[in-house]
Amino acid sequence: MSALVISRRPVLSRQVARLPGWTVLVVWTAAVLLPLYILVVSCFKTTAEIYDNRLGLPKSWAFDNFVNAWTRANLGQNFVNSLIVTGGAVILTIVVSAMAAYPLSRYKLGWNAVMLGLFLSGIMLPIRLASVELFTLMRNLGLLDSLTGLILVYSAIRIPFAVFIFANFMRVLPSELDEAARMDGAGEVRILFQVILPMVKPAVSIVAIFTAIAVWNDFFFPLIFIFDDRYKTVPLAISVFVGQFRTDWGLVFASLAISMAPILIMYCLLARQIREGVGAGGGMK
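The number in our numbering is simply the position in the sequence shown, starting from 1, with 1 added.
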């Protein structure tokens with residue numbers, strides 16, 4: 002009997018030791034799920050219902066808010082614009098960042114640390130402090146009211162982070178891969194895109210999802226660079242439902258739910274690669 006009591010004590014002590022961690026996880030889960038719950042139920046409510054009972058269920062589960070949000074904000078065209086800008090920024094960021102990270106990680110150059118430091122400074126400095134100068138540059142280049150201008154701006158902002166990610170993943174690959182490819186007659190471009198990049202798919206997925214989220218949800222740069230309704234992105238289009246004296250919150254929540262769909266789909270497709278990338282990144286030196 003005494004041996005049974007002694008054997009139970011370590012189990013009980015381990016459970017007590019885990020209690021603070023589980024408490025934090027439960028609180029964090031509630032903090033994440035509560036806004037999502039409010040978003041979902043508010044999509045089916047009128048503005049009066051939302052003000053009357055924010056946490057309650059809607060009186061009817063009609064899709065009127067989704068239909069009205071799609072038609073009144075012209076979300077169809079705005080979705081196409083956001084897809085073009087986001088896709089272009091993701092592709093350009095991956096290509097340019099991989100080309101920059103390749104020599105910094107695979108060659109032993111004396112200025113590698115300095116260059117990586119410059120890229121890291123690009124992560125730390127807030128680009129919005131240079132909004133006036135950036136607006137002037139975009140105007141002089143004729144890139145205002147242009148999706149191409151947005152793609153270039155977003156790519157320039159995301160490249161420092163992407164170079165840092167790619168360089169860390171490429172650095173741990175064995176140098177024998179490069180040497181074997183050169184012996185087979187492959188050039189540097191072919192080595193990068195046909196040998197190195199397939200080996201760092203988790204890094205590509207991490208850069209893609211983080212860039213896509215940042216670009217898709219951004220409201221600031223379309224606001225100051227886009228004036229024509231034909232080139233507005235989804236976050237800028239949703240703002241039409243927010244007025245100075247009245248806001249149609251039902252349409253706002255429905256628009257937000259619609260805008261979340263592409264990012265959720267992208268994350269589901271890349272989730273396995275992202276988990277592998279996080280696990281691999283934890284073992285990097």
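Note that CB positions come from ideal geometry on N, CA and C, so glycine has one too.
Helix, strand or coil, according to DSSP, for Thr149 in the structure here?
helix
With which residues is Thr137 paired in a DSSP beta bridge?
DSSP, once it has assigned bridges, lists no residue as partnering Thr137.
Delimiting residues of the alpha helix (DSSP H) encompassing Lys202
202–217
What is the DSSP secondary structure of Thr72, counted as helix, strand or coil?
helix
Just the Cα atoms here: how many angstroms apart are Leu224 and Arg191?
40 Å
Buried or exposed (CB count within 10 angstroms, at least 16 for buried), Thr234:
buried
Would you identify the three-state DSSP class for Thr248, choosing helix, strand or coil?
strand
In the structure shown, what three-state DSSP assignment does Lys286 receive?
At Lys286 the pLDDT is 43, less than 50, meaning the model places this residue with poor confidence; the figure from the coordinates comes in the next sentence. If DSSP states are grouped into helix, strand and coil, Lys286 belongs with coil.
Does Trp62 pass the burial test, meaning 16 or more other C-beta atoms within 10 Å, or should it be called exposed?
exposed
Can you have a look at Ala114 and say buried or exposed, based on whether 16 or more other CB atoms are within 10 angstroms of its CB?
exposed
Mind checking which residues open and close the alpha helix (DSSP H) that includes Pro59?
No alpha helix (DSSP H) holds Pro59; DSSP gives it neither H nor E.
Over the uninterrupted alpha helix (DSSP H) stretch that includes Gly118, give me the two end residues.
113–125
DSSP state of Val243 mapped onto helix, strand, coil
strand
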